Structures are given as structure tokens and as C-alpha cells.
Amino acid sequence: MATLELNQIVKSFGSVDVLHGISLSIESGQFVSLLGPSGCGKTTLLRIIAGLEAVTRGTLRIAGRDVTDVAPENRDIAMMFQSYALLPHMSVRENVRFPLRMRNRGTRKEQDERVQATLETVQLGHLADRMPRQLSGGQQQRVALARAIVSDPKILLLDEPLSNLDARLREDMQVELIELHRRLGLTTVFVTHDQEEALSLSDTVVLMNAGRIEQVGGPQEIYASPRTGFTSEFIGSANLIPVRVEETAAGPRATLPWGEVIAVAPGSKPSHKASLVLRQEDMKLLPSQTIIPNGFRATVETRVFLGARIRYVLRLGDMRIKCLAPGTDIFGPGDAVVVSVPDSRAQIIEA
Ligand SMILES: Nc1ncnc2c1ncn2[C@@H]1O[C@H](COP(=O)(O)OP(=O)(O)OP(=O)(O)O)[C@@H](O)[C@H]1O
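In C-alpha cells:
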């Protein structure tokens with residue numbers, strides 16, 4: 001059953017339209033990411049789901065109930081923000097108890113049991129009597145998470161919850177979030193502008209662009225089958241090359257702007273105005289004399305070491321493309337190379 005249904009949600013701030021008719025259905029138990037560049041409307045959409053922002057038009061249902069005009073506290077949702085704002089004068093236990101007290105949920109004893117069980121869930125059972133200032137950033141984050149889930153909400157809303165953490169802690173928390181979601185099966189909507197985070201955490205990625213949904217799909221699908229140029233550039237930072245596609249006896253072929261012809265993904269439709277999507281990590285650079293089954297020639301313009309990998313900027317005619325290669329493939333500026341591309345990795349989208 002769909003836990004959350006958004007129907008043609010429009011939001012304007014004064015004369016500025018921020019959301020242009022968002023429709024989306026989220027199944028019970030899913031982990032969904034709202035992903036997109038800064039300013040595309042992710043946080044506004046999350047705040048509308050939470051009831052912190054009114055819609056201009058459209059409707060919103062949670063577990064089948066129309067909640068468009070229902071106050072936040074009566075929506076059966078919990079939200080955790082980027083700044084997780086624990087109450088500094090209350091212990092961990094009292095911070096987590098707070099939502100239960102506000103809603104008068106159960107007796108003191110029942111609240112105690114529920115708080116303790118929730119703290120165990122986020123592996124903080126042993127720190128219940130500490131004050132927030134006595135905790136590390138990651139531990140404070142987990143207290144905030146416990147406070148969000150203690151009242152057993154139907155939907156958990158997370159607004160960039162990991163963006164204040166350093167890289168290492170962030171990775172640890174990502175793993176914890178996945179495990180927590182697996183254990184509790186809580187329907188979760190997660191806002192992020194980080195595509196890797198969205199792809200690694202979610203069952204479904206909702207990619208937004210300027211107040212509209214650009215594409216919805218599983219991480220694999222959205223990565224492997226971008227339907228628009230925006231999706232392919234945003235996810236996996238692909239190169240987009242204008243091409244003409246023709247069907248031949250041997251399968252579809254694309255003519256590149258500098259005249260070379262390569263085999264492209266089976267099923268690609270003939271078109272005079274299409275784009276070839278070449279992901280940086282799908283290309284392989286080889287010495288110029290190598291015979292390859294499919295690909296084209298290029299010249300290395302720039303090389304940037306990134307530790308385990310190297311980013312090359314390649315020149316082809318008057319175009320430049322980027323390529324990510326394992327750190328052992330070493331070419332220098334000015335080197336002629338051949339770029340090998342398996343046809344299955346050469347996706348075509350309508351320009
Ligand atoms: N209260 C407001 N009044 C006027 N404009 C607003 C208001 N809140 C948001 N906006 C505008 O709405 C647009 C979407 O903002 P929103 O915060 O939803 O984007 P976002 O995708 O979450 O971006 P970020 O990743 O930077 O947080 C932005 O152009 C923003 O300036």
C-alpha cells in the first residue's frame with residue numbers, strides 16, 4: 001500500500017513558483033531519497049510532507065488519509081533536521097522521551113521502556129544518563145534519530161541529516177541508517193544533494209530539477225538508464241556528446257561530431273538529434289596503436305591524480321570530455337590514446 005501519496009503539489013512563495021505539480025507515490029517501508037541540486041525544492045517538498053509548509057495547490061495523503069490541511073503533530077510523521085538541536089539541559093533519556101511527553105503517550109513506566117528500547121536500537125542504551133554536551137557529534141546524531149523514531153511514526157523525514165558530519169563519520173552513519181531501516185522497515189524520505197549518498201541508501205531515488213521531478217527509479221535504473229541529459233549529467237557526471245544515430249545490419253551506430261562512428265547500446269533508436277551518454281568511469285584509455293572493438297581516438301589534455309583513480313580531460317576535435325581511469329593507467333598531456341567503450345555502455349538519449 002502507498003504510505004504517502006502526493007498529488008499535483010504546487011508551491012509558490014509570493015510570485016515565485018518553487019514546486020510545479022509534484023505527483024509521487026511512496027510504498028510502505030521504502031527508503032526514498034529526494035535528490036537534486038541546491039534550490040530545486042527538496043526541502044520545501046519535505047516541509048510540505050511534514051506539514052511545516054502549506055501547499056498552494058494539490059493534495060497529500062498519508063496511509064490513505066487526506067492530511068493536506070492537518071497540523072504537523074497530527075500527521076504521524078517524524079522529522080530530523082540537518083541541525084539536530086538536542087535540548088542541552090536534558091539528558092539523552094529525557095531528550096528521547098520529549099515527543100512522548102508532548103503527546104501524552106503512555107504512562108511514565110511505558111515511556112521509560114519505550115525510550116530505553118529505542119536507545120538500544122541506535123546503540124546508545126549505555127549513554128542514557130549523559131548530557132548532550134558529553135556526546136560526540138555522531139552520538140548526538142543518533143540521539144536525534146532516536147527522538148525522531150521513538151513515537152513510532154508512519155513516515156520518517158530526514159533533511160540532509162549527515163551533512164554536518166566529517167567524511168568518515170558520515171560513511172559510518174550511512175551504514176547505520178541502512179541497518180536501522182532494514183530492522184525497523186520504517187518508510188523514510190531522505191533529502192540529499194549528494195548523488196552517491198542517494199544511490200547507496202535508497203530503494204527509490206526521486207531526482208528533482210527546478211521544482212519538477214526529472215526521473216524516479218531504483219538506484220541501478222536511474223544510474224544505468226538516465227532518461228534525460230540532466231539525469232545523466234547529475235548522476236555519475238556523464239559526458240553528453242551530440243550524435244546522429246542510424247540503424248545498420250550490425251546494430252545501431254552513432255556518428256560523433258568529429259566524424260568517427262561507434263556502436264551504441266542495442267535498442268537505441270535512429271535519430272538526427274540525439275545525445276550519447278558517456279560515463280567517466282565507463283571509458284578505458286589505451287595506447288594509440290591498440291586495436292579495440294569499439295571506441296574512438298583522442299588526445300590527453302590534462303591529468304588530475306585523485307588517489308586510486310586519475311581524471312583525464314581528453315580533446316576530440318573541438319570538444320573536451322572527462323574520463324576516470326584506475327590510477328595505474330598513466331598517460332601525460334599531449335599523448336594520443338584510443339578510448340574503448342563497450343557498446344552496452346554507450347547509451348543514447350533524445351537531445
Ligand atoms: N520561505 C521562503 N520564501 C521564499 N522563497 C523560498 C522560501 N523557502 C524556499 N524558498 C526558495 O525556494 C526554492 C527551493 O528551496 P529549497 O530549500 O526547497 O531547495 P533545496 O532543493 O532544498 O535546496 P538546498 O539543497 O540548497 O537546501 C529556492 O529558490 C529558495 O530560495
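In terms of UniProt numbering, the sequence shown opens at residue 1 and continues consecutively.
We treat Cβ as the ideally placed atom computed from N, Cα and C, and that holds for glycine.
All values derive from a computational prediction rather than experimental measurement.
Review point. Under the three-state reduction of DSSP, which class applies to Val96: helix, strand or coil?
Key: Stepping through the sequence shown from its first residue, residue 96 is reached at position 96. Val96 falls in the helix class under three-state DSSP.
Check your understanding: Which runs of the alpha helix (DSSP H) spanning at least 4 residues fall entirely within the stretch 81-162, listed in chain order?
Key -> Correct list: 92-102, 108-121 and 137-149.
Review point. Using the beta-carbon count (16 or more within 10 Å), is Pro252 buried or exposed?
Key: As a first step, residue 252 is located in the sequence shown; it is residue number 252 there, counting from the start. Result: buried.
Review point. Ordered along the chain, which non-local residues of its own chain (more than five positions away) have a Cβ less than 6 Å from that of Val261?
Key: Residue mapping note: residue 261 aligns to position 261 of the sequence shown, counting from 1. Around Val261: Arg253 and Thr255.
Practice item. Please report the residue range of the alpha helix (DSSP H) in which Gly229 lies. Key: As a first step, residue 229 must be located in the sequence shown, where it is residue number 229. Per DSSP, Gly229 belongs to the alpha helix (DSSP H) from Gly229 to Phe234.
Review point. Taking all protein chains shown into account, do 16 or more other C-beta atoms lie within 10 angstroms of the C-beta of Glu197, making it buried, or fewer, making it exposed?
Key: The residue labelled residue 197 in the question sits at position 197 within the sequence shown. Buried, since its Cβ has 16 or more Cβ neighbours within 10 Å.
Exercise for review: Could you name the residues that DSSP lists as bridge partners for Arg57?
Suggested key: Residue 57 sits at position 57 when you count from the first residue of the sequence shown. DSSP output for Arg57 lists Val10 as bridge partner(s).
Practice item. Return the CA-CA distance between Lys42 and Ile49, expressed in angstroms with no decimal places. Key: Position 42 of the sequence shown, counted from the start, is the residue given in the question as residue 42. Position 49 of the sequence shown, counted from the start, is the residue given in the question as residue 49. Whole-angstrom Cα-Cα distance: 11 Å.
Check your understanding: Does DSSP put Thr248 in a helix, a strand or coil?
Key -> Here residue 248 is taken as the residue at index 248 of the sequence shown, counted from 1. Three-state result, Thr248: strand.
Exercise for review: Using only the heavy atoms of ligand 1, determine whether one of them is closer than 6 Å to the beta carbon of His20.
Suggested key: In the sequence shown, the residue the question calls residue 20 occupies position 20. No, the Cβ of His20 stays beyond 6 Å of every heavy atom of ligand 1.
Point to revise | Distance cut-off 6 Å: Thr43 Cβ against heavy atoms of ligand 1 | key: Residue 43 sits at position 43 when you count from the first residue of the sequence shown. Yes, since a heavy atom of ligand 1 falls inside the 6 Å radius drawn around the Cβ of Thr43.
Review point. Regarding Gly39 and ligand 1, is the C-beta to nearest heavy atom distance less than 6 Å?
Key: As a position in the sequence shown, residue 39 is number 39, starting the count at 1. Answer for Gly39: yes, Cβ within range of ligand 1.
Check your understanding: Since Val175 is in the alpha helix (DSSP H), which residue starts that stretch and which ends it?
Key -> Numbered from 1 along the sequence shown, position 175 holds the residue referred to as residue 175. Taken as a continuous stretch (DSSP letters only), the alpha helix (DSSP H) holding Val175 covers Ala167 to Leu184.
Exercise for review: Over the uninterrupted beta strand (DSSP E) stretch that includes Gln280, give me the two end residues.
Suggested key: As a working note, residue 280 is residue 280 in the sequence shown. Segment: none, Gln280 is in no beta strand (DSSP E) and carries neither H nor E.
**Study point:** Secondary structure of Asp76, DSSP reduced to three states
**Key:** As a position in the sequence shown, residue 76 is number 76, starting the count at 1. The three-state secondary structure of Asp76, taken from DSSP, is coil.
Review point. Relative to the alpha-carbon of Pro266, which residue among Gln347, Ala308 and Asp194 has its alpha-carbon at the smallest distance?
Key: Residue mapping note: residue 266 aligns to position 266 of the sequence shown, counting from 1. Measuring from the Cα of Pro266, the nearest candidate turns out to be Gln347.
**Study point:** Endpoints, alpha helix (DSSP H) assigned at Ala198
**Key:** In the sequence shown, residue 198 corresponds to position 198, counting from 1. DSSP places Ala198 inside the alpha helix (DSSP H), whose first and last residues are Gln195 to Leu201.
Exercise for review: Count the C-beta pairs between the stretch 283-296 and the stretch 334-348 that are closer than 8 Å, then say yes if the count reaches three, no if not.
Suggested key: Yes, the stretch 283-296 touches the stretch 334-348.
Point to revise | Any non-hydrogen atom of ligand 1 closer than 6 Å to Phe13 Cβ | key: Looking up residue 13 in the sequence shown gives position 13. Result yes, Cβ under 6 Å from ligand 1.
Check your understanding: Does the Cβ-Cβ distance between Thr281 and Leu324 come in under 7 Å?
Key -> Here residue 281 corresponds to residue number 281 of the sequence shown, with the count starting at 1. Here residue 324 corresponds to residue number 324 of the sequence shown, with the count starting at 1. Looking at the sequence shown, residue 281 is not Thr but Glu. At a Cβ-Cβ threshold of 7 Å, Glu281 and Leu324 count as neighbours.
Check your understanding: With distances taken from CA atoms, which of Met131, Ser12, Leu24 and Ala117 is nearest Thr44?
Key -> Counted from its first residue, the sequence shown places residue 44 at position 44. Nearest option by C-alpha distance: Ser12.
Check your understanding: Just to check, is the beta-carbon of His181 closer than 6 Å to a non-hydrogen atom of ligand 1?
Key -> Walking along the sequence shown from the start, residue 181 turns up at place 181. Within the chosen limit of 6 Å, ligand 1 does not reach the beta carbon of His181 with any heavy atom.
Check your understanding: Just to confirm, are Ala274 and Val245 a CB contact at a threshold of 7 Å?
Key -> To locate residue 274, count along the sequence shown from 1; it is residue 274. To locate residue 245, count along the sequence shown from 1; it is residue 245. Taking 7 Å as the Cβ cut-off, Ala274 and Val245 qualify as a contacting pair.
Review point. For Ala128, which option in Asn95, Leu52 and Glu214 has the closest C-alpha, if you only look at C-alpha atoms?
Key: Indexing the sequence shown from 1 puts residue 128 at position 128. Considering only alpha carbons, the answer is Asn95.
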